[in-house]
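Counting from 1, position 55 in the sequence shown corresponds to residue 196 in this note's numbering; the numbering is continuous, with no gaps.
Notes follow the structure.
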Amino acid sequence: MSGYNKETGIFGLTWTKASFWFRREDVPENCRALRDTGKMEFFACFLRHHGLEVLHVDRAYLNVKATPGQLWEVLSGQPSDPDRETY
142 MSGYNKETGI
152 FGLTWTKASF
162 WFRREDVPEN
172 CRALRDTGKM
182 EFFACFLRHH
192 GLEVLHVDRA
202 YLNVKATPGQ
212 LWEVLSGQPS
222 DPDRETY
């Protein structure tokens with residue numbers, strides 16, 4: 142399940158949520174080969190490239206040390222708003 146744990150600062154990100162939020166065309170070269178695989182390794186690569194700490198990667202989800210707003214900004218390339226932090 143996708144969601145943010147305020148106590149740990151960890152966001153459990155599903156493939157579905159990551160795919161929905163991802164709106165960028167500027168994919169780093171080291172992640173491009175993974176883009177069309179449909180695997181979470183692509184999102185893990187992308188998040189790491191943008192300085193986020195990915196703690197666990199599985200087939201359908203990953204755990205990342207980030208707030209909802211940070212994830213939105215990295216995946217969408219658009220600024221977040223304060224309401225997103227209450228997600």
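Beta carbons are placed, not taken as given, at the ideal position from N, Cα and C, and that holds for glycine.
Residue i, buried or exposed, once every other Cβ within 10 Å from all chains shown has been counted against 16
| i | result |
| --- | --- |
| F161 | exposed |
| A201 | exposed |
| Q219 | exposed |
| A159 | buried |
| A207 | buried |
| D209 | The sequence given here has Pro at residue 209, not Asp. Classification of P209: buried, given that the 10 Å Cβ count is 16 or more. |
Close beta carbons around residue i, own chain, < 7 Å, minus the five adjacent residues each side
| i | result |
| --- | --- |
| C172 | F183, C186, F187 and H190 |
Contacts around residue i, its chain only, beta-carbon distance under 6 Å, and the 5 residues preceding and following it disregarded
| i | result |
| --- | --- |
| N146 | none |
| G179 | none |
Heavy atom of the ligand MG within 6 Å of residue i beta-carbon
| i | result |
| --- | --- |
| D167 | This structure simply doesn't include the ligand MG, nor any ligand for that matter. |
DSSP bridge partner residues for residue i (one or two, in chain order)
| i | result |
| --- | --- |
| L203 | L154 and V198 |
| G144 | G153 |
Own chain partners of residue i with C-beta closer than 8 Å, once the 5 adjacent residues on each side are dropped
| i | result |
| --- | --- |
| W213 | W162, Q219, S221 and R225 |
| V215 | F187, L188, H191, L193 and A207 |
| T155 | M142, S143, A201 and Y202 |
| T157 | S143 |
Inter-residue CB distance, residue i and residue j (contact presumed, cutoff 8 Å)
| i | j | result |
| --- | --- | --- |
| R164 | S217 | 5 Å |
| V198 | M181 | 5 Å |
| G150 | N204 | The Cβ separation is near 11 Å, so there is no contact. |
- prompt: In the region 160-192, which residue ranges form an unbroken alpha helix (DSSP H) of at least 4 residues, counting only runs that do not cross its ends?
  reply: 170-173 and 181-190
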